[in-house]
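Reading the sequence shown from the start, the letters are residues 6 to 62 in this note's numbering. Here a beta-carbon is modelled for each residue, glycine too, at the ideal position from N, C-alpha and C. Bear in mind that the values here come from a model prediction, so they are computed numbers and not experimental data.
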Amino acid sequence: MSTFVLLVGLLLVLVGLMLFGGLVYLVHRHPTWAVPIGVGLAGLTLMGTMITVITSR
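In structure tokens form, the structure reads like this:
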């Protein structure tokens, strides 16, 4: 793998962590919407799926 591919992968991981944190904070502010950990894990699953599709090409 080239350095560029590794940097793009790292960037996507960081964006995924930010998405996870944002979703958990949003649900924490409005607890009636869902369980915070479940929403955060759903966000990470979505990001992981997108990363897998992008990097498998």
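What does a CB cutoff of less than 6 Å around L28 pick up in its chain, not counting 5 residues either side in sequence?
Within the sequence shown, residue 28 is the residue found at index 23, counting from 1. Cβ neighbours of L28 beyond the five flanking positions: V44, G45, G48.
By the three-class DSSP mapping on this structure, what secondary structure does H35 have?
Your numbering for residue 35 matches position 30 in the sequence shown. Coil.
Margin query: Please state the DSSP three-state secondary structure of V20.
Written below: Indexing the sequence shown from 1 puts residue 20 at position 15. In the structure shown, V20 sits in a helix (DSSP, three-state: H, G or I).
Using only alpha-carbon positions, find the residue among S61, A39, V18 that is nearest to T50. For this step, residue 50 is matched to residue 45 along the sequence shown. Closest option to T50, Cα to Cα, is V18.
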